[in-house]
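Each residue of the sequence shown is one higher than the one before, starting from 42 at the first, in the numbering used here. Let me begin by presenting the structure, written as structure tokens, before commenting on it.
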Amino acid sequence: MIEPSSDLAPVDVQFLLAMGVPAEAILNGTRLDLAMLEDLGWIVEPGSVSPPLD
Numbered sequence: 042m043i044e045p046s047s048d049l050a051p052v053d054v055q056f057l058l059a060m061g062v063p064a065e066a067i068l069n070g071t072r073l074d075l076a077m078l079e080d081l082g083w084i085v086e087p088g089s090v091s092p093p094l095d
């Protein structure tokens, strides 16, 4: 029996966010971390994550 791989495919965060997926769901459903969201311009504060300001 072949064990399923634990490696996840790369996630297109910008696409998921554009589709309206909440950041919390993306974080919980993937192995992304808050530093990656910060790199995308998100505002990460204790207890909250806010989308980038345009």
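Even glycine gets a Cβ: it sits at the ideal position worked out from N, Cα and C.
(message) Tell me the DSSP secondary structure of V62 in three-state form.
(response) coil
(request) Leaving out five residues on either side along the sequence, give the residues of the same chain with a beta carbon under 6 angstroms from the beta carbon of L57. (result) I67
(request) Rounded to whole angstroms, what's the CA-CA distance from V62 to V54? Just pull it up for me. (result) 9 angstroms
(request) Closer than 6 angstroms by C-beta to G82: which residues in its own chain qualify, once you throw out the five before and the five after it? Chain order, please. (result) P93
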